[in-house]
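> Mind having a look at this structure? Questions to follow.
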Amino acid sequence: MESRNHQKIIFAAAVLVMVAAFGISLFVGRYSIQWGEIGGDTMSTRVFFSLRLPRTCMALLAGVGLSVAGSVYQSLFRNPLAAPDIIGASSGASAGAAAAILWLGGGAVATALCAFAGGFVAVLLALALSAASGRRGAITVVLSGIAVNAVAQAVLMLMKLTADPEKQLASIEFWVMGSFGDMTMDKLLGAAPWALAGLAGLFLLHRQVLLLGLDEEEARALGVRTTLMRRCILLLATLVTGAIISVTGLISFIGLIAPHLARLLTRSSRFSTTVLSGILGGALLLIADCLARSIGSSEVPVSIITSLLGAPFLFWLMCRKGEDHG
Amino acid sequence: MGELLRVEGLSAGYSGKKVLETMNFSVNAGELFALLGANGSGKSTLLRAVCGLLPYEGSCRMEGREIRKMSERERARRISCLTQRGGVQLPLSVLDVVLMGFNPLLGLLENPGKSHRQKARESLALAGVEELAERDFLTLSEGQRQMVLLARAFVRDCPLLVLDEPDSALDFQNRHRMMALLSRLCREKGMGILLCSHDANFAMEYADRLLLLHQGNLVGDLSMGTVTVPQLESSLSQLYGPVEVLEHRGLRIMIKGETR
């Protein structure tokens, strides 16, 4: 009973922080907006609805989506450091975005579509390679993912070599660093349905995610069709991450920090912990985005902030685990 | 008691190399069946094949149905299998670990309900570890984990229980407790149990039958009710080298014999 109350308090606190961060994010930025100024045909109203609201909603969605997907990857691969990189989704998306910048003019829609397609193709390729190997198990998918990741990185480097250093190379680098700076309502509405559909699928299959976290044979002995289920869940997680990073660029560490923080607070990996990791991820990314647009004279890519927050957290977590295990 | 499992001409192995050669035996309901053999004799391979986790040649039928033709779900509804490498890697409560045992009985998107939770607690109580229900599985000792996984193995009342060295991390007392519990499940619930163990003394005390494996071949199928001490001695000597079997207060105990 005490533990349940403890969990309720944690959940309430996390929701409160997320709501507060959402509220602050709506009004923080170079163009200052007051609540009373919204309404009517004013500059503040236009900034609020065309820039601030989509940006804040996207930061929230990205935080929730990347954290839930990170939590799923970590469970599926039985690896606490697993992230979309592990099966090539991020590198594939980066290569896709770079291709759009190089050969399709780098427009927002083309970049987003190519990044999404790149991420998806990379994951499909990793799954196809693991299927072709004829071996079962998460480790085969990881090894195939590492191979695809390496190829996507090589392709990305080749494209960078041929890019015009002044414009295209800068655009590629900026995309890779991730930002909510040029978020629009169209981009949000383009990405959100895919990400939400993927999230819904992951939530519905959450029990299978936990079962896939067991040893391969153990899961099969419990009646799980491991190969099929792993592919379905990976594709859903890729749908979430692909939809998000296609419009935001790469955002580091959130998918790693939030699930660990949630597990640390609840000491569990069950469904409620995955939900909590989504709430914490949303709150953290909203805070990181507020910092990204307010700490310097010009906006800082959000991945710099999340990495600066994430690295010390990981180090602390490492020391803490060392203490736990004596 | 009816026949649950019939194995005929079963061979299995890894990467094209056969580990087991043409096995023939059957397991009846209400029977505790212990597989004995030295390391590498093929015990785990046989159990994996029976659970449908390893491809095999020949025939292996559960209640008349060929195991390799069943889906994972169908198999898991009939055979509850406790593998050697088990357990979760991320923090999860013991109760949640036991609830995983209901997976074959639940729909893909269905969650365990109140009755499942109640049954899971009863299963933990049966294994004598009900006080661990809310503990994090990762913080348990190896022996406690084994008892929890055992509770998960019998939570869904499958007709056949297949256990790969379920006693390997248990102390002397818990080993007795577990074997007595398995024996009781056979008698009271009519389950068939097929387990492999390295402890011949526990197997002789609790099992109804012993299946002896040596280098992938079946070298003995002994019914403990009728087998004599000299027969036991000569059969076990094939597995472990020279051994003596003593009788003490109705129990049979194997000790290392003198090398001649």
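Residue numbers (this note's numbering), protein chains in the order written: chain A, 1 to 326; chain B, 327 to 586.
Here a beta-carbon is modelled for each residue, glycine too, at the ideal position from N, C-alpha and C.
Taking the beta carbon of threonine 111 of chain A as the centre, do at least 16 other beta carbons fall within 10 Å, making it buried, or is it exposed?
Mapped onto the first sequence, residue 111 of chain A falls at position 111. Buried, since its Cβ has 16 or more Cβ neighbours within 10 Å.
> Are there 16 or more other CB atoms within 10 angstroms of the CB of asparagine 149 of chain A, so buried, or fewer, so exposed?
Taking the first sequence and counting its residues from 1, one reaches residue 149 of chain A at position 149. Under this definition asparagine 149 of chain A is a buried residue.
> When you compare each of B:Leu521, B:Ala529, B:Leu464 and B:Leu380 to glycine 342 of chain B by their alpha carbons, which one comes out closest?
Within the second sequence, residue 342 of chain B is the residue found at index 16, counting from 1. Checked all of B:Leu521, B:Ala529, B:Leu464 and B:Leu380; the closest Cα to glycine 342 of chain B is B:Leu380.
> Looking at leucine 358 of chain B and isoleucine 579 of chain B, is the spacing between their C-beta atoms short of 7 angstroms?
Stepping through the second sequence from its first residue, residue 579 of chain B is reached at position 253. Stepping through the second sequence from its first residue, residue 358 of chain B is reached at position 32. No, they are not a contact pair.
> Just to make sure I have the definition right: I need the residues of chain E whose C-beta is within less than 7 angstroms of the C-beta of glutamate 398 of chain B. Which are they?
Checking the listed chains, one finds no chain E in this structure; the protein chains it contains are A and B.
> Determine, using beta carbons only, whether alanine 289 of chain B and serine 523 of chain B come nearer to each other than 7 angstroms.
Examination of residue 289 of chain B is not possible in this model, given that chain B is present from 327 through 586 alone.
> Return no unless some Cβ of chain A is closer than 7 angstroms to the Cβ of arginine 575 of chain B.
Start at 1 with the first residue of the second sequence, and residue 575 of chain B comes out as number 249. Not one chain A Cβ lies under 7 angstroms of arginine 575 of chain B.
> From leucine 577 of chain B to arginine 510 of chain B, what does the alpha carbon distance come to, in whole angstroms?
As a working mapping, residue 577 of chain B is identified with position 251 in the second sequence. As a working mapping, residue 510 of chain B is identified with position 184 in the second sequence. For leucine 577 of chain B and arginine 510 of chain B, the distance between alpha carbons rounds to 18 angstroms.
> Measuring straight from C-alpha to C-alpha, what distance separates aspartate 490 of chain B and valine 209 of chain A?
Here residue 490 of chain B is taken as the residue at index 164 of the second sequence, counted from 1. Here residue 209 of chain A is taken as the residue at index 209 of the first sequence, counted from 1. Each residue's Cα considered, the two are about 25 angstroms apart.
> Assign glutamine 472 of chain B to buried or exposed, taking buried as 16 or more other Cβ atoms, counted over all protein chains shown, within 10 Å of its Cβ.
Within the second sequence, numbered from 1, the residue matching residue 472 of chain B stands at position 146. The residue is buried, with at least 16 neighbouring Cβ atoms inside 10 Å.
> I want to verify the contact list: residues of chain A whose CB lies under 9 angstroms from the CB of glutamine 541 of chain B, in sequence order.
Residue mapping note: residue 541 of chain B aligns to position 215 of the second sequence, counting from 1. Residues of chain A passing the Cβ test: none, with the nearest at roughly 24 angstroms.
> In terms of residue numbering, what span does the alpha helix (DSSP H) encompassing isoleucine 579 of chain B cover?
As a working mapping, residue 579 of chain B is identified with position 253 in the second sequence. No alpha helix (DSSP H) holds isoleucine 579 of chain B; the beta strand (DSSP E) holding it covers 577–582.
> Below 7 angstroms between beta carbons: does that hold for glycine 583 of chain B and valine 571 of chain B?
Working through the second sequence from its first residue, we reach residue 583 of chain B at position 257. Working through the second sequence from its first residue, we reach residue 571 of chain B at position 245. The answer is no: Cβ separation not under 7 angstroms.
> Would you report the Cα separation of glutamate 166 of chain A and isoleucine 251 of chain A, rounded to the nearest angstrom?
What you label residue 166 of chain A is simply residue 166 of the first sequence in a count that begins at 1. What you label residue 251 of chain A is simply residue 251 of the first sequence in a count that begins at 1. Going from the Cα of glutamate 166 of chain A to the Cα of isoleucine 251 of chain A covers about 23 angstroms.
> Give every residue of the same chain whose Cβ lies closer than 6 angstroms to the Cβ of leucine 464 of chain B, excluding the five residues on either side of it in the sequence, and list them in chain order.
Position 138 of the second sequence, counted from the start, is the residue given in the question as residue 464 of chain B. Closer than 6 angstroms at the Cβ level, and outside the excluded window around leucine 464 of chain B, lie Pro417.
> Tell me the residue span of the beta strand (DSSP E) that contains alanine 355 of chain B.
Taking the first residue of the second sequence as position 1, residue 355 of chain B is located at position 29. From DSSP, alanine 355 of chain B is part of no beta strand (DSSP E); its letter is neither H nor E.
> For cysteine 407 of chain B, would you say it is in contact with chain A, using Cβ-to-Cβ distances shorter than 7 angstroms as the test?
Counting from one through the second sequence, the residue named residue 407 of chain B turns up at place 81. So, interface residue.
> Can you confirm whether the stretch 332–350 of chain B touches the stretch 533–553 of chain B when touching is taken to mean that 3 or more C-beta pairs between the two stretches lie within less than 8 angstroms?
Yes: the two stretches touch, three or more of their Cβ pairs being nearer than 8 angstroms.
> Among the candidates A:Phe49, A:Phe315, A:Leu234 and A:Thr226, whose CA atom is the shortest distance from the CA of isoleucine 86 of chain A?
By one-based count along the first sequence, residue 86 of chain A stands at place 86. The residue with the shortest Cα to Cα distance from isoleucine 86 of chain A is A:Leu234.
> Given this structure, state the Cα-to-Cα distance separating leucine 113 of chain A from aspartate 164 of chain A, to the nearest angstrom.
Residue mapping note: residue 113 of chain A aligns to position 113 of the first sequence, counting from 1. Residue mapping note: residue 164 of chain A aligns to position 164 of the first sequence, counting from 1. Going from the Cα of leucine 113 of chain A to the Cα of aspartate 164 of chain A covers about 22 angstroms.
> Who are the neighbours of glutamine 415 of chain B on chain A, taking C-beta pairs under 7 angstroms?
Here residue 415 of chain B corresponds to residue number 89 of the second sequence, with the count starting at 1. The contacting residues are Arg78 and Gly213.
> Mark arginine 482 of chain B as exposed unless 16 or more other C-beta atoms lie within 10 angstroms of its C-beta, in which case mark it buried.
The count along the second sequence starts at 1 and reaches residue 482 of chain B at position 156. By the 10 Å Cβ count, arginine 482 of chain B comes out buried.
> Excluding the 5 residues preceding and the 5 following phenylalanine 253 of chain A in the sequence, name in chain order all residues of the same chain whose CB lies nearer than 6 angstroms to its CB.
Position 253 of the first sequence, counting from 1, holds the residue named residue 253 of chain A. Here the set comprises Thr306, Ser307 and Gly310.
> If you check the beta carbons only, do alanine 131 of chain A and alanine 115 of chain A fall under 7 angstroms apart?
Taking the first sequence and counting its residues from 1, the one referred to as residue 131 of chain A is at position 131. Taking the first sequence and counting its residues from 1, the one referred to as residue 115 of chain A is at position 115. Cβ distance not < 7 angstroms, so alanine 131 of chain A and alanine 115 of chain A don't count as in contact.
> Please list, in chain order, the chain A residues whose beta carbon lies closer than 7 angstroms to that of aspartate 422 of chain B.
Working through the second sequence from its first residue, we reach residue 422 of chain B at position 96. Arg270, listed in chain order.
> I want to see whether chain B comes within less than 7 angstroms of leucine 308 of chain A, judged by CB atoms only; does it?
As a first step, residue 308 of chain A is located in the first sequence; it is residue number 308 there, counting from the start. No, its Cβ sits nowhere closer than 7 angstroms to a Cβ of chain B.
> Within the continuous beta strand (DSSP E) that includes tyrosine 382 of chain B, where are the two ends?
Within the second sequence, numbered from 1, the residue matching residue 382 of chain B stands at position 56. From DSSP, the beta strand (DSSP E) with tyrosine 382 of chain B extends over 382–388.
> Does the distance from the CB of leucine 256 of chain A to the CB of alanine 89 of chain A come in under 7 angstroms?
As a first step, residue 256 of chain A is located in the first sequence; it is residue number 256 there, counting from the start. As a first step, residue 89 of chain A is located in the first sequence; it is residue number 89 there, counting from the start. Their beta carbons are not under 7 angstroms apart, which means leucine 256 of chain A does not touch alanine 89 of chain A by this criterion.
> Taking the alpha-carbon of valine 123 of chain A as reference, which of A:Ala108, A:Thr266, A:Gly249 and A:Gly145 has the nearest alpha-carbon?
Sequence index remark: in the first sequence, residue 123 of chain A carries index 123 (1-based). Ranking the options by Cα distance to valine 123 of chain A, first place goes to A:Gly145.
> Please report how far the alpha carbon of phenylalanine 315 of chain A lies from the alpha carbon of glycine 278 of chain A, in whole angstroms.
The count along the first sequence starts at 1 and reaches residue 315 of chain A at position 315. The count along the first sequence starts at 1 and reaches residue 278 of chain A at position 278. Distance between the alpha carbons of phenylalanine 315 of chain A and glycine 278 of chain A is about 22 angstroms.
> According to DSSP, is histidine 442 of chain B helix, strand or coil?
As a position in the second sequence, residue 442 of chain B is number 116, starting the count at 1. Histidine 442 of chain B: helix per DSSP, three-state reduction.
> Identify the contact partners of serine 75 of chain A in chain B, using a Cβ-Cβ distance below 8 angstroms as the criterion.
Numbered from 1 along the first sequence, position 75 holds the residue referred to as residue 75 of chain A. Chain B residues near serine 75 of chain A: Leu416.
> In chain B, what lies closer than 8 angstroms to leucine 204 of chain A by C-beta?
To locate residue 204 of chain A, count along the first sequence from 1; it is residue 204. Here the neighbours are Leu435.
> Closest to threonine 273 of chain A by CA distance: which of A:Ala262, A:Leu189 and A:Ile304 is it?
For the purposes of this step, residue 273 of chain A is taken as the residue at position 273 of the first sequence. Comparing Cα-Cα distances from threonine 273 of chain A to each of A:Ala262, A:Leu189 and A:Ile304, the minimum goes to A:Ala262.
> Would you please verify whether the beta carbon of glycine 326 of chain A is less than 7 angstroms from any beta carbon of chain B?
Along the first sequence, one-based indexing puts residue 326 of chain A at 326. Confidence is the limiting factor: at glycine 326 of chain A the pLDDT is only 38, short of 50, which leaves the residue's position unreliable and the question unanswerable from this model.
> With 7 angstroms set as the bound, which would you pick, yes or no: does the beta-carbon of aspartate 462 of chain B sit closer than that to a beta-carbon of chain A?
Position 136 of the second sequence, counting from 1, holds the residue named residue 462 of chain B. Yes, its Cβ sits closer than 7 angstroms to a Cβ of chain A.
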